[in-house]
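Input: a single structure, listed below in structure tokens.
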Amino acid sequence: MNWAGDFSTAALDMPTFEDVIDAIRTNSLTGSEVPAAGAFACVLAARSLLGESTHDYFSRLLQAVLSVERSLPGDAGLTGAVKRILAAADRADGLANGPERVVQAIETEAERISHGLARARNNSTGIGLV
858 MNWAGDFSTA ALDMPTFEDV IDAIRTNSLT GSEVPAAGAF ACVLAARSLL GESTHDYFSR
918 LLQAVLSVER SLPGDAGLTG AVKRILAAAD RADGLANGPE RVVQAIETEA ERISHGLARA
978 RNNSTGIGLV
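All residue numbers for the sequence shown refer to my numbering, where the first residue is 858 and numbers rise by one.
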């Protein structure tokens, strides 16, 4: 996945969620890039696990998402993004609707997180205000 988010300074090629975790851990990302990247790391994890059995899918997805959160302990933005991703996954009711529906829900929430952070960033700098 090529993630550029809505940030002009963030154009990163990270094909796996582990790559994103490494970028977060090594401080390659800063500020609002961290929660947005964390959300997209969860998307990458959800996609990468689609071949797993249903039971294994959900337990491994939870492990992956929690590893994203642990990549930068104490970061409130990252923790908030992970909580939103987990809530979206829960609302998707994967046991009834299947893992593909969970991926869709996580993707949608990651986009919301990214766009919300970009709007907040633009508003704080005056960009886009009339």
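No residue lacks a Cβ here, since even glycine has one placed at the ideal position from N, Cα and C.
In this text, all values refer to a predicted model and were calculated from it rather than measured experimentally.
Extent of the continuous alpha helix (DSSP H) to which residue i belongs
i: residue 947; result: 933–948
i: residue 952; result: 951–954
i: residue 930; result: Looking at the DSSP string, residue 930 is not in any alpha helix (DSSP H), and its letter there is neither H nor E.
i: residue 901; result: 890–905
Through-space distance from residue j to residue i, alpha-carbon basis
i: residue 957; j: residue 973; result: 24 angstroms
i: residue 872; j: residue 901; result: 8 angstroms
i: residue 951; j: residue 919; result: 13 angstroms
i: residue 882; j: residue 943; result: 21 angstroms
i: residue 932; j: residue 917; result: 23 angstroms
i: residue 928; j: residue 953; result: 31 angstroms
i: residue 892; j: residue 878; result: 11 angstroms
i: residue 885; j: residue 905; result: 23 angstroms
i: residue 866; j: residue 937; result: Unreliable placement is indicated for residue 866, whose pLDDT of 37 sits below 50; no coordinate value is reported for it.
i: residue 911; j: residue 888; result: 35 angstroms
i: residue 939; j: residue 921; result: 11 angstroms
i: residue 913; j: residue 923; result: 15 angstroms
i: residue 899; j: residue 874; result: 7 angstroms
i: residue 964; j: residue 915; result: 16 angstroms
i: residue 970; j: residue 955; result: 23 angstroms
i: residue 930; j: residue 903; result: 21 angstroms
i: residue 880; j: residue 975; result: 19 angstroms
Rounded Cβ spacing between residue i and residue j (contact assumed at less than 8 angstroms)
i: residue 962; j: residue 948; result: 6 angstroms
i: residue 935; j: residue 895; result: 5 angstroms
i: residue 925; j: residue 946; result: In fact, because the Cβ distance is near 13 angstroms, the residues do not count as touching under 8 angstroms.
i: residue 897; j: residue 967; result: 5 angstroms
Residue i: CB within 7 angstroms of a non-hydrogen atom of the ligand SAM
i: residue 967; result: The ligand content of the structure shown is nil, which means the ligand SAM is not present either.
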